[in-house]
Amino acid sequence: MVTWSILILLLGVFLLITAMFNRPSILYLIFSAVAFGAYFWIISSNLLLFLVFALGVLLIIIELYVPDFGIIGLIGLSAIIYTLWSEYHDFSTLTLVLLAMFFTGFITGLIYIKSGRNLVLSPGFVLNESIRTDQSSTKLKEKSDLVGREGVTLTDLRPVGKAKIDEEFYEVISDEDFINTGSTITVVKVRGTQIYVRKVGS
Numbered sequence: 277m278v279t280w281s282i283l284i285l286l287l288g289v290f291l292l293i294t295a296m297f298n299r300p301s302i303l304y305l306i307f308s309a310v311a312f313g314a315y316f317w318i319i320s321s322n323l324l325l326f327l328v329f330a331l332g333v334l335l336i337i338i339e340l341y342v343p344d345f346g347i348i349g350l351i352g353l354s355a356i357i358y359t360l361w362s363e364y365h366d367f368s369t370l371t372l373v374l375l376a377m378f379f380t381g382f383i384t385g386l387i388y389i390k391s392g393r394n395l396v397l398s399p400g401f402v403l404n405e406s407i408r409t410d411q412s413s414t415k416l417k418e419k420s421d422l423v424g425r426e427g428v429t430l431t432d433l434r435p436v437g438k439a440k441i442d443e444e445f446y447e448v449i450s451d452e453d454f455i456n457t458g459s460t461i462t463v464v465k466v467r468g469t470q471i472y473v474r475k476v477g478s
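For the sequence shown, my numbering begins at 277 and goes up steadily by one.
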């Protein structure tokens, strides 16, 4: 029973990451929520724990895009740990389950990134609203000529964030690992409206 429940939990993680790289994202999110719900129903039928867990997952997703020194992500992770601890009351089991969730999410995301997939699940309204507020006069223009240009990150790239290039503000995507705020970056490629950057010197 425990083994099957953990497999269902990991399926939920897989579907959640899949939603971040595939459309229609909402469909995969629903499947992921169903898997997480099934896990908590099998373990304890505790609706409250499921809701706390779902809130924790949501906060971690928000943390990927909103620079807040990790506070939101820490709260989300704490909520997830609390729900799992409430189920198992065993530190060793808790650690193994968390590692399995992290490994499943990391490998799934890595596979999609290596296959050339881009993030499609993104609270872009946060970045877009910030761009409109900070630079309302910035106009849409052809971005292909940005390749090779340098700029500076205005938010952490996880991998999506905001950068200033040639005195204009853009939503950019890191083509490598996490890039900190204030880093000098260079545009390595442009796909449609998506601008991919790397840290200078990396």
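Cβ coordinates follow ideal geometry from the N, Cα and C atoms, glycine included.
Since this is a predicted model, take the numbers as computed values, not measurements.
- Per the Cβ contact rule, the segment 375-389 is not in contact with the segment 309-323 (fewer than 3 Cβ pairs under 8 Å).
- With fewer than 16 other beta carbons inside 10 angstroms of its own, Val476 counts as exposed.
- Under the three-state reduction of DSSP output, Phe297 falls in the coil class, being neither helix nor strand.
- Counting the other CB atoms within 10 Å of its CB gives Ile347 a total below 16, which places it among the exposed residues.
- For Ile449, the enclosing beta strand (DSSP E) covers residues Glu444 to Ser450.
- For Thr369, the three-state secondary structure derived from DSSP is helix.
- In this structure, the CA atom of Leu335 is about 28 Å from the CA atom of Ile461.
- Assignment of Gly427 by DSSP, reduced to helix, strand and coil, places it in the strand class.
- Secondary structure remark: continuous alpha helix (DSSP H) runs of at least 4 residues inside the segment 314-355, in chain order: 323-339.
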